[in-house]
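**Student:** Numbering (mature numbering (1 follows the signal peptide of the UniProt record, and there is no 0)), first residue to last: -19 to -1, 1 to 77. Sharing a structure, written as structure tokens. Questions coming.
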């Protein structure tokens, strides 16, 4: 029984560590601005070209991940329908 509790606790801790690791990365616009400071090109042109090459912003995926984790802590698990409603409303806020 104790081994099950330890396994569940480790899974929860690893989930939080993964989220914190993703959040620690600098967003693409900041990386672009830093790299364009030392570039030979004009700053505005360099910055725009760099932003075009950026992938989907981490903020969108981080919002969904952190929202699900943060909301799940405060939910009453006994109420079956409320869990999906809280996560869905949170995801709708992230998509705006």
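Even glycine gets a Cβ: it sits at the ideal position worked out from N, Cα and C. Small disclaimer: the values here were computed from a predicted structure and weren't measured.
Considering only residues of the same chain and omitting the five flanking positions on each side of residue 54, which have a CB-CB separation below 8 Å?
**Tutor:** Translated into positions along the chain shown, residue 54 becomes position 73. Bear in mind that the predicted position of residue 54 carries a pLDDT of just 48, short of 50, making it unreliable; the figure below should be weighed with that in mind. Nothing listed; no residue qualifies.
**Student:** Are residue 17 and residue 35 closer than 8 Å when you measure CB to CB?
**Tutor:** In the chain shown, residue 17 corresponds to position 36, counting from 1. In the chain shown, residue 35 corresponds to position 54, counting from 1. No, they are not a contact pair.
**Student:** Hey, is residue -17 close to the ligand MN, as in C-beta under 7 Å from one of its heavy atoms?
**Tutor:** Summarising the ligand content, the structure contains no ligands, and the ligand MN is consequently not present.
**Student:** Could you compute how far the alpha carbon of residue -15 sits from the alpha carbon of residue 15?
**Tutor:** Translated into positions along the chain shown, residue -15 becomes position 5. Translated into positions along the chain shown, residue 15 becomes position 34. If you take the alpha carbons of residue -15 and residue 15, they lie about 45 Å apart.
**Student:** Is DSSP giving residue -18 helix, strand or coil here?
**Tutor:** Against the chain shown, residue -18 aligns to sequence position 2. DSSP places residue -18 in helix when its eight states are reduced to three.
**Student:** Whole angstroms are fine: how far does the CA of residue 11 sit from the CA of residue 20?
**Tutor:** The residue labelled residue 20 in the question sits at position 39 within the chain shown. The residue labelled residue 11 in the question sits at position 30 within the chain shown. Approximately 14 Å, taken between the alpha carbons.
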